[in-house]
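K.L.:
Quick note: the sequence shown uses the UniProt record's numbering, first residue 1, plus one each step.
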Amino acid sequence: AGGLHHGKKHEASGFCYINDCVLSALEFLRFKHRVLYVDVDIHHGDGVEEAFYTSPR
1 AGGLHHGKKH EASGFCYIND CVLSALEFLR FKHRVLYVDV DIHHGDGVEE AFYTSPR
């Protein structure tokens, strides 16, 4: 599975309770300055947007 891009910090959304996309990006950011995230799903990954909305990265 994977691609649970709707999960948010304080709530489950779209049947996603853990946002593996955000967790993976945060892990990569421990070693690199930037990460490219490409979401090819039919609808918006709102959990990923919420996680990084205020980030300068």
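For glycine and all other residues, C-beta sits at the position ideal for the given N, C-alpha and C.
Pull up the DSSP beta-bridge partners for Cys21, would you.
P.N.:
Here residue 21 refers to the residue found at position 21 when the sequence shown is read from its first residue. Its beta-bridge partners do not exist; DSSP assigns none.
K.L.:
Since Val48 contacts Val22 with CB under 8 Å, what's their CB separation in whole angstroms?
P.N.:
Walking along the sequence shown from the start, residue 48 turns up at place 48. Walking along the sequence shown from the start, residue 22 turns up at place 22. Indeed they touch by this definition, with Cβ atoms about 6 Å apart.
K.L.:
From His54 to His33, what distance separates their C-alpha atoms?
P.N.:
For the purposes of this step, residue 54 is identified with residue 54 of the sequence shown, where counting begins at 1. For the purposes of this step, residue 33 is identified with residue 33 of the sequence shown, where counting begins at 1. Rather than His, the amino acid found at residue 54 in this sequence is Thr. Those two C-alpha atoms are separated by around 16 Å.
K.L.:
Whose C-alpha, out of Pro56, His43, Val38, His44, is nearest the C-alpha of Ser24?
P.N.:
Counting from 1 along the sequence shown, the entry for residue 24 is found at position 24. Measuring from the Cα of Ser24, the nearest candidate turns out to be Val38.
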